[in-house]
Amino acid sequence: VIAVGTGKALKIGSQGDVDVVFVHAPAAELAYVASGDFIDRAAVMHNDFVIVGPASDPAAIASATTASQALQKIAHAQARFVSRGDDSGTHKKEKLLWKAANISPSGTWYAEAGQGMGTVLTIANEKQAYALSDRGTQIAMVDKLSLEVLFQGDKTLFNPYHVMAVNPVKHAGVNYDLATKYIRFVTSAEGQAIIAGFKKGGQQLFYPDAQ
């Protein structure tokens, strides 16, 4: 098992260096499926993204009614924001959200960490900055952070996860049989029950999506 961001996972898979990928960037996933690198794409689970920040909320995003408005408030106030900057699923989502808000973030207020979610939240906590986080990581780290969830609930913050097998026709060295068994397991009643039961402090981190 290799734990990397979605962008890197898709690249590794497209090179035939793994058998299966578990990712959360739908547009990128579909592009790779169209190119023939992956097959058997299946929905597994979802959670959502949240925007966290200091309790003082200097950009007043808690009063925003949409994710676009929240980001516009941050940019207008030039309030510090820490981005993953690593081509992960979360980073891809963040870029889509900035685009939807008609903003190209830049300047001293906007920092790209090039790190995973946990590290980004730690940096944002130290700098008392805003950040986009998947809810699962935010819940898992809540005891280590003074940051608060300041914006949530917009439908654009939906965060679906899919599993895909590397195409054995295009990449002959992969173990397609094992990949198929894994996909069947995580989408089975047993696998979905494990996902539903995965909690932190009584809060559910992911919600089953398999059909």
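Numbered per our numbering, the sequence shown spans residues 1 to 211. Note that CB positions come from ideal geometry on N, CA and C, so glycine has one too.
query = How far does the alpha helix (DSSP H) with Ile12 in it reach, from first residue to last?
reply = DSSP places Ile12 in the uninterrupted alpha helix (DSSP H) bounded by 6-14.
message = Using the three-state DSSP reduction, which class does Arg80 fall into: helix, strand or coil?
response = Arg80: coil per DSSP, three-state reduction.
message = Distance check for Gly5 and Gly116, CA to CA, integer angstroms please.
response = Going by the C-alpha atoms only, they are around 7 Å apart.
request  = From the DSSP output, in three-state form, read off Val186 for me.
outcome  = In the structure shown, Val186 adopts helical secondary structure according to DSSP, grouped into three states.
request  = Answer yes or no: the CB of Arg41 versus the heavy atoms of the ligand ATP, is any distance below 6 Å?
outcome  = This structure lacks the ligand ATP; in fact it carries no ligand of any kind.
C-alpha gap between Ile194 and Ile61, whole angstroms = Answer to the nearest angstrom: the Cα atoms are 35 Å apart.
task = Please go through the same chain and pick out, in chain order, the residues whose beta-carbon is closer than 7 Å to the beta-carbon of Ile51, but skip the five residues on each side of it.
result = Here the set comprises Ile61, Ala70, Tyr130, Leu132, Leu150, Phe151.
request  = Would you grab the beta carbon distance between Ala28 and Lys73 for me? Rounded to a whole angstrom, and I think it's under 8 Å.
outcome  = Cβ atoms of Ala28 and Lys73 stay farther apart than 8 Å, at about 28 Å.
task = Could you check if Tyr32 is buried or exposed, using at least 16 other CB atoms within 10 Å of its CB as the buried criterion?
result = A residue is called buried when at least 16 other Cβ atoms come within 10 angstroms of its Cβ; Tyr32 meets this threshold and is buried.
message = Between which two residues does the beta strand (DSSP E) holding Met117 run?
response = If you look at Met117, you'll find it isn't in any beta strand (DSSP E); it sits in the alpha helix (DSSP H) that goes 117-127.
query = Under the DSSP definition of a beta bridge, which residues are partnered with Gly165?
reply = It is Ala, not Gly, that sits at residue 165 in the sequence shown. Ala165 has Val20, Ile39 as its beta-bridge partners, per DSSP.
N- and C-terminal bounds of the alpha helix (DSSP H) containing Tyr130 = In the DSSP assignment, Tyr130 falls outside any alpha helix (DSSP H) and carries neither an H nor an E.
Element boundaries [alpha helix (DSSP H), containing Val279] = Outside the shown range of the chain, which is 1 to 211, sits residue 279, and nothing can be said about it.
query = Nearest to Tyr110 by CA position, among Asn175, Ala124, His46, Thr119, is which residue?
reply = Nearest option by C-alpha distance: Ala124.
query = Under 7 Å between the Cβ atoms of Leu96 and Ala67?
reply = No; because the gap between Cβ atoms is not below 7 Å, this pair is not in contact.
ask   = What is the C-beta distance between Asp87 and Lys8, in whole angstroms, given that I count them as a contact (C-beta under 8 Å)?
value = About 7 Å; that satisfies the 8 Å criterion.
task = Confirm, please, whether the CB-CB distance from Ile103 to Lys200 is below 7 Å.
result = One thing to note: Lys200 has its Cβ no nearer than 7 Å to the Cβ of Ile103.
inquiry  = Which of the three DSSP states is assigned to Gln152 in this structure?
reply    = It is coil, neither helix nor strand.
Same chain only: Cβ atoms within 6 Å of Phe185, ignoring 5 sequence neighbours per side = Excluding sequence positions up to five before and after Phe185, its CB lies within less than 6 Å of the CB of Gly191, all in the same chain and listed in chain order.
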